[in-house]
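Novice: Following this message is one structure expressed as structure tokens.
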């Protein structure tokens, strides 16, 4: 096991206000000429009068990142009173924009940092403890513990789950569990950079399954963006020094399960009055995944976490203390980076989030190559770059809406 020590230093919305007539005054003209900025509104209201809801739907590119519907069931609680407009109103708006931009930048930086640490810690654990199902169950367990603490201390409102929701979430949790286990199988067999290069193929399966099961026909630009993705992954695979069929197939299978989850989320979408907010949706899926995976991990790999087993492993040279510390850090980063991803998606559009996720994959690949000193050939680098460029083009192509034919 590598002895390199790593230090971790972890240290909203669109508002539509009630319109009031100001009888054609200069204030009325000033307010109507410029829409209320979302960040400024958030600063005024404190974000306490609104609810965020989400459909049971995931964005394939970000791991677990659903597009959101913004619900405002208590809009009537919003009251606006204005007497005079201060002379520095424009300056305060600019300051609010700057604060929002800095906050968003910090959130993206934290998202990337947690991803880097998770992949490094996780790879170190899997190299000396080759039990991916047990490792994944432990990571879900860390997330479940954090969720219980969050609900117990009312850091986030506890959800009320209906039967229709439970049926939909259970199906999503199964696919989510399989996707994470298969990803850990791949990470245990091949280099971190290669696993993430293969996972760049997710958009291909998104388009394929949406066409086969939902009847969604992709645009020309979307199909065109898939060409560099497929060719780049193929080129990187042919020249990968750590290539292993188990690692390759498990990473590709994780793409299939993750995108199947997306299709299922559309088929089992619940009604608006039953929607869960994004944090609770992810939390419930995490808890269910933990409950589902523990017995499966024991059945597949046996009980590999008893004191006697760890003592036996220690006698063979395993540093049990380092294993436990790095497992805990990986479990914390695993849950935290997905929570931060959800928080970012509240602040930006799904397309912006997918572009940020593409950049995150580049950052993770580069950092893992540097840390683990992974040998990379020039051709392999070109293949990885082409695949990631294709993912970026795909996220941009999704913004192009097809032109409607004149009837």
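Numbering (full-length UniProt numbering), first residue to last: 1 to 407. From the three backbone atoms N, C-alpha and C, an ideal C-beta is built for every residue, glycine too.
With DSSP run on the structure shown, which of helix, strand or coil describes residue 318?
Specialist: DSSP places residue 318 in coil when its eight states are reduced to three.
Novice: How long is the line joining the alpha carbons of residue 292 and residue 174, rounded to whole angstroms?
Specialist: Looking at the two C-alpha atoms, the distance is approximately 8 Å.
Novice: Measuring straight from C-alpha to C-alpha, what distance separates residue 418 and residue 101?
Specialist: The requested residue 418 does not occur in the structure, where the chain is confined to residues 1 to 407.
Novice: I think residue 111 touches residue 340, with their Cβ atoms under 8 Å apart; what is that distance to the nearest whole Å?
Specialist: Yes, they are in contact, since the Cβ atoms of residue 111 and residue 340 sit about 5 Å apart, within 8 Å.
Novice: Are the stretch 297–313 and the stretch 241–257 touching by the rule of at least three beta carbon pairs closer than 8 Å?
Specialist: Counting Cβ pairs under 8 Å, fewer than three are found: no touch.
Novice: Considering only their Cβ atoms, is the gap separating residue 384 from residue 191 smaller than 8 Å?
Specialist: In this structure, residue 384 does not lie closer than 8 Å to residue 191 by Cβ.
Novice: Tell me residue 293's beta-bridge partners as DSSP assigns them.
Specialist: Residue 293 pairs with nothing; no bridge assigned.
Novice: In terms of residue numbering, what span does the alpha helix (DSSP H) encompassing residue 132 cover?
Specialist: Element bounds for residue 132: 132–152.
Novice: Assuming contact is defined by CB atoms lying nearer than 8 Å, are residue 122 and residue 337 in contact in what I supplied?
Specialist: Not a contact, by the Cβ cut-off of 8 Å.
Novice: Looking at residue 182 and residue 203, is the spacing between their C-beta atoms short of 8 Å?
Specialist: Result no, Cβ atoms of residue 203 and residue 182 do not sit closer than 8 Å.
Novice: Cutting at 7 Å between CB atoms, please list the residues of its own chain near residue 380, excluding the five before and the five after it.
Specialist: Closer than 7 Å at the Cβ level, and outside the excluded window around residue 380, lie 236, 239 and 240.
Novice: By the 10 Å Cβ neighbour count, where 16 or more other Cβ atoms means buried, how is residue 199 classified, buried or exposed?
Specialist: With 16 or more other Cβ atoms within 10 Å, it is buried.
Novice: Return the residue from the list 319, 361 and 287 that minimises the CA-CA distance to residue 109.
Specialist: Minimum Cα distance to residue 109 is reached at 361.
Novice: Starting from residue 360, trace the alpha helix (DSSP H) in both directions and tell me its first and last residue.
Specialist: Segment 350–372, the alpha helix (DSSP H) holding residue 360.
Novice: Quick one: what does DSSP say residue 306 is sitting in, helix, strand or coil?
Specialist: In this structure, residue 306 counts as coil in the three-state DSSP scheme.
Novice: Does residue 203 come out as helix, strand or coil in the three-state DSSP assignment?
Specialist: Residue 203: helix per DSSP, three-state reduction.
Novice: Confirm, please, whether the CB-CB distance from residue 142 to residue 282 is below 8 Å.
Specialist: In this structure, residue 142 does not lie closer than 8 Å to residue 282 by Cβ.
Novice: Compare the beta carbon distance of residue 309 and residue 355 with 8 Å and say whether it is the shorter of the two.
Specialist: No, the Cβ-Cβ distance between residue 309 and residue 355 is not below 8 Å.
Novice: Among the residues of its own chain, which have a CB less than 7 Å from the CB of residue 313, if the five just before and after it don't count?
Specialist: Only 320 meet the Cβ criterion.
Novice: Let's test the definition: count the other Cβ atoms within 10 Å of the Cβ of residue 113 and tell me whether it reaches 16, buried, or not, exposed.
Specialist: Label assigned to residue 113: buried.
Novice: Please determine, among 288, 130 and 378, the residue with the shortest C-alpha to C-alpha distance to residue 166.
Specialist: The shortest C-alpha separation from residue 166 is found at 288.
Novice: Taking all protein chains shown into account, decide if residue 215 is buried (16 or more other Cβ within 10 angstroms of its Cβ) or exposed.
Specialist: Residue 215 is exposed by the Cβ-count criterion.
Novice: Less than 8 Å between the beta carbons of residue 193 and residue 368, yes or no?
Specialist: Yes, they are a contact pair.
Novice: Output the distance between the C-alpha atoms of residue 284 and residue 258, rounded to the nearest integer angstrom.
Specialist: C-alpha separation (whole angstroms): 17 Å.
Novice: What residues in its chain sit with their C-beta under 7 Å from that of residue 136, if we drop five residues either side in the sequence?
Specialist: Contacts found: 180, 181, 184 and 293.
Novice: Alpha carbon to alpha carbon, what distance is there between residue 261 and residue 273?
Specialist: With a pLDDT of only 45 at residue 273, under the threshold of 50, the placement of this residue in the model should not be trusted; the figure read from the coordinates follows. When rounded, the distance between both Cα atoms is 22 Å.
Novice: Can you give me the C-alpha to C-alpha distance between residue 351 and residue 178, rounded to a whole angstrom?
Specialist: Distance between the alpha carbons of residue 351 and residue 178 is about 26 Å.
Novice: Do residue 388 and residue 358 have their C-beta atoms within less than 8 Å of each other?
Specialist: Against a cut-off of 8 Å, the Cβ pair of residue 358 and residue 388 comes out as a contact.
Novice: Which residue's Cα is closest to the Cα of residue 187: 211, 155, 119 and 263?
Specialist: Measuring from the Cα of residue 187, the nearest candidate turns out to be 119.
Novice: Using a threshold of 8 Å, state whether the C-beta atoms of residue 335 and residue 344 are closer than that.
Specialist: No, they are not a contact pair.
Novice: Below 8 Å between beta carbons: does that hold for residue 144 and residue 304?
Specialist: In this structure, residue 304 does not lie closer than 8 Å to residue 144 by Cβ.
Novice: Would you give the residue range spanned by the alpha helix (DSSP H) that residue 176 belongs to?
Specialist: Per DSSP, residue 176 belongs to the alpha helix (DSSP H) from 163–189.
Novice: By Cβ distance below 8 Å, which residues in the same chain neighbour residue 131 in space, the five residues on each side in sequence not counted?
Specialist: Cβ within range, chain order: 297, 301 and 304.
Novice: Does the beta-carbon distance from residue 218 to residue 209 come in below 8 Å?
Specialist: In this structure, residue 209 does not lie closer than 8 Å to residue 218 by Cβ.
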